[in-house]
Amino acid sequence: MRFKPHTPALMILLLAAATQAGAQEQIVKIGHVAPLSGQIAHLGKDNENGARMAIDVLNAKGVTLGGKKVKFVLLTEDDAANPQQATAAAQKLADAKVNGVIGHLNSGTTIPASKIYNDNGIPQITPSSTNPKYTLQGYKGAFRVVANDAQLGGALGRYAAATIKAKNIAIIDDRTAYGQGVADEFAKAAKAAGITIVGRQYTNDKATDFNAILTAIKGKNPDLIFFGGMDAVAGPMLRQMKQLGINTKLMGGDGICNEQLPALAGEGMSDGQVVCAEAGGVEESQKKGLETFHSDYKKKFGAEVKIYAPYVYDAVMVMAEAMKKANSAEPAKYLPELAKINYQGVTGTIAFDQHGDIKNGTLTLYTFKGGKRSQIAVTK
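Listed below in structure tokens is the structure:
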């Protein structure tokens, strides 16, 4: 029997075909959480963009699991860098039955949220949280794709002693899990290298006035000040250091190590004054892949990478690769493959140790010149 165009019978056949095609496609939900509001929303958006790039690439290439074509869908949540909001976001993703989570950005949000993911059997990869406590909780589904604070703080402490030749150092941290953690690890390494800690001061991650703590530090006459915290606080701190006539170097971790810092510091930062380390980085043989990512990112979003987008991208790709190896997006089935993954990403080789930490994590040391970030060295 022949049907005329647009007859009810033809429409039924088309609908049936579409339904059958849809039945052959499975939706795989990847959760992503970062601060999309608040002082470090620019970093959170950078993370989200990295996840979106990966999802788009996976869908363009096409992935089949268990004989069915996969459509990856990104579910994003804003934790505002707030632990309470982070746990609420984690529960929301758990209720949505996501197949895996990439996040969170901060250690202070990643750690409390990780219990919810663990309790619900959802694998989690953080692309940027560095506090060692995260992977020491014993959760089998907790992973990170960057070096932790013990590695980062240790590298900075050794650099302060061996290269900067600092003898007396003051430390400030913002009391967050990240800020305090990286400051503690730096202090351990600095002391081990023979450096004297002449003072330790505390602020918070929303502060804008540092006159009291900087005045107290000035009286100690340190060779260097280490700050454990984020760029939104480090920028104003640098301005006030200049106002108080404190011309010493400021050192910090990846929280301050991005192109946004010069704008936040304004005239308060001089060339070479800031030395920082980013948890990650590639050696010479891998530079081309990372440069291509940066170029593709700028074309897609009209902006430069801030810090973590490449690590988020790799985290999504690693999770998808584990699913492909397991031929399943079910967490219980692909988790064993994730634990033993060996993946060549844009940020280097990704493989995890028994705790879920990246093996042989690299660190990149930077300074700033002419308002631009300038690489010093890649180390391990």
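Counted the way the working numbering counts, the sequence shown spans residues 883 to 1262.
We treat Cβ as the ideally placed atom computed from N, Cα and C, and that holds for glycine.
Residue pairing by DSSP places G1081 opposite A1052 in a beta bridge.
The region 1059 to 1079 and the region 1095 to 1103 do not touch, with fewer than 3 CB-CB distances between them shorter than 8 Å. H1176 sits in a helix when the DSSP states are folded into three classes. With contacts defined by Cβ atoms closer than 8 Å, Y1195 and L925 do not form a contacting pair. At the C-beta level, G1035 and V1064 come within 8 Å of one another.
Secondary structure of S919 (DSSP, three-state): coil.
In the DSSP annotation of this structure, the continuous segment of the alpha helix (DSSP H) that includes T991 starts and ends at S989 to D1001. By a beta-carbon distance limit of 8 Å, H914 contacts I984. Their separation comes to about 5 Å.
The alpha helix (DSSP H) runs of length 4 or more contained entirely in the region 1116 to 1204 are, from start to end of the chain, 1142 to 1147 and 1169 to 1183. Measuring C-alpha to C-alpha distances from N1086 to each of V1115, D1056 and A1069 identifies D1056 as the nearest. Taking a C-beta distance under 8 Å as the contact criterion, V1187 and Y1193 do not qualify as a contact pair. The way I'd put it, the region 1047 to 1055 doesn't touch the region 1013 to 1027; fewer than three beta-carbon pairs between them come closer than 8 Å.
In this chain, the alpha helix (DSSP H) harbouring F1068 covers A1059 to A1074. Contact between the region 1237 to 1245 and the region 920 to 936 is not established, with fewer than three Cβ pairs separated by less than 8 Å.
Of the other Cβ atoms in all chains shown, 16 or more fall within 10 Å of the Cβ of P1213; this residue is therefore buried. In this structure the region 1217 to 1224 does not lie against the region 957 to 971, because fewer than three pairs of beta carbons, one per stretch, are closer than 8 Å.
Looking at the DSSP output, D960 bridges to A916. Where T1231 is concerned, the enclosing beta strand (DSSP E) starts and stops at G1230 to I1232. Between Q1155 and K1131, the CB-CB gap stays under 8 Å. For K1262, the closest of K1241, R1255 and V1200 by C-alpha to C-alpha distance is K1241.
Nearest Cα to L940 within the set F954, L1106 and A1044: F954.
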